[in-house]
Structures are given as C-alpha cells and as structure tokens.
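Q: The sequence shown begins at 1 in UniProt numbering and counts up by one. In this text, a Cβ means the ideal position worked out from N, Cα and C, and glycines have one as well.
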Amino acid sequence: MTTTGPDRPVTRVERKERTRRAILDAALDLCDDSSLVALSLRQVAKEVGIVPTAFYRHFDSIEALGLALVDESFESLRAMLRDVRRGDPEDLAFGDIVDRSITVLVDHVHRQRAHFRFIARERAAGPPAVREAIRHEIELCERELALDLARLPGTGPWSADDLRVLSNLIVSAMVATAESVLEAGQSPGDEAHVVATARTQLRMVLIGALHWRSRG
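1) Looking at the structure shown, is proline 9 part of a helix, part of a strand, or coil, going by DSSP?
2) Leaving out the 5 sequence neighbours to the left and right, which residues in its chain are closer than 7 Å to phenylalanine 74 when beta-carbon positions are compared?
3) What three-state label does DSSP hand histidine 211 in the structure shown?
4) DSSP on threonine 155, reduced to helix/strand/coil?
5) Nearest chain D C-beta to glutamine 112 closer than 8 Å, yes or no?
6) Once you ignore the five residues that flank phenylalanine 118 on each side, which residues in its own chain have a CB closer than 7 Å to its CB?
7) Are there three or more Cβ pairs, one per stretch, closer than 8 Å when the stretch 192-210 is compared with the stretch 171-179?
8) Let me confirm a value: threonine 2 is counted as buried when at least 16 other C-beta atoms fall within 10 Å, else exposed. Which label applies?
9) By alpha-carbon positions, which one of Pro127, Arg121, Arg123, Leu77 ends up nearest to arginine 111?
10) Determine the DSSP secondary structure at serine 101, reduced to helix, strand or coil.
11) Anyone know if the C-beta pair for alanine 146 and leucine 169 falls short of 8 Å?
12) By Cβ distance below 8 Å, which residues in the same chain neighbour leucine 182 in space, the five residues on each side in sequence not counted?
13) My assumption, with CB atoms under 8 Å, is that arginine 131 sits in contact with glutamate 122. Please give the rounded CB distance.
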C-alpha cells in the first residue's frame, strides 16, 4: 500500500486530492499552446493516467475544470495584493501601493507562470463561462482596490463611481503588465523595461488622480 510515511497509509481523500491536482496540472500543460475549447476530456485523462470516467469524479466537464483553474489563479493573487494595501491609511501612499503591487504581481507571474498564461489566453479565447469567470475575478480586484483607495487621504470627497474608474485603470494596467511580463524576452532588461513602463504609466495616472475633484 502506498504511504506518505513509514507508518501511515494514504487515505482515500488524499488520493482523490492528488488525482484532482494532477488533472489541473495536466490541463495547464496541455493548454500551454492552445485554448481550453480545443481540449478534450480524453486528452486530460490520458495525460493523468486515468480512465475518462474517473475524470467525472472530480469535475463535471472541461468547462468546470477551467473554472477551477480560474479560481486557483486569482485566489492567491488577490490575497497578496490585499496584504500589500493593508495598513494604517495615514501611512499609505499611492506611490507605495503602485510599487509594491507591481513587485508582488511580477513575482506572482514568475511563480505561477502557467496559470497566468492560462488566464491571458482564456480571457480572450476560452469558453464563455470561463471568460465570464475571469471578467468577474478582475472586477472583484477592482472593487477591492476601490474600497482601499477610499481609505487614502484626499479621496474622501470622491464619488464611488470615480473610485471605481481609478481602480479600473490601475487593475487594467496591471493585467496588461502581467501579459507583457509573459511575453518579455529572455533578457533581464526586457522585463525591467516592462516593469519600469508600468510604474511610469500608473504614476502618471495617479498624478492626475491626486488633482481630481468629483463632480457633485
């Protein structure tokens, strides 16, 4: 019997979780050069080494598998960005949020490269439900950022709509930055240029934001 240690056998729950993990990883590998819409259940099952019917013990469909990958891709990123923005509002500054958020984003892209390649591809070419899930996750990032921006000094008079506009600009720029990091060449200078450009773009946006006055 397979064990995780000298005395303890692997439980059924652990085996099931390992197979689920293997299915998710196989889907990421198989989708590396094509969209989820071109992926078949049999391809995934063959890659994992299970019979096709065993796939349904973990996911109802390829689309459901894609939705799980979307959840997995965004959950840790949103948590990390939330930590960047957490703190005493009096100690927070727009520039600090920009620099630290981009640093976290780029680091996360490197550590979860397959996930970000999946998101970049599927948000344009994936199944409708997967595209909608990605859009929803990006919107959640915008909403969370808008709430945090409202805590910063100087944004008190801003309308909720204006806070959402600013958060949309920031999140859209960060999504574009993540995709540019994925496309950057092997030279460290290529990525450095992407990061520097992103910081400049966001700082330009924020300079204008600091002088913005919401209309009554």
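A: So, from the data block:
1) DSSP places proline 9 within a strand segment (E or B) once states are collapsed to three.
2) These residues qualify, in order along the chain: Glu137.
3) If DSSP states are grouped into helix, strand and coil, histidine 211 belongs with coil.
4) In the displayed model, threonine 155 falls within coil according to three-state DSSP, outside both helix and strand.
5) Going by chain labels, chain D is absent from the structure shown, which holds only one protein chain.
6) If we look at phenylalanine 118 and ignore the five residues flanking it on each side, its Cβ neighbours are Leu28, Cys31, Leu69, Ser73.
7) Counting Cβ pairs under 8 Å, three or more are found: they touch.
8) Note on threonine 2: pLDDT 49, under 50, position unreliable in the model; no value is reported.
9) Taking arginine 111 as reference, the option from Pro127, Arg121, Arg123, Leu77 with the minimal CA-CA separation is Leu77.
10) Looking at serine 101 - three-state DSSP - the assignment turns out to be helix.
11) No, they are not a contact pair.
12) Taken in chain order, the residues that qualify are Val109, Arg113, Phe116, Arg117, Ala120.
13) Correct: roughly 7 Å between the Cβ atoms.
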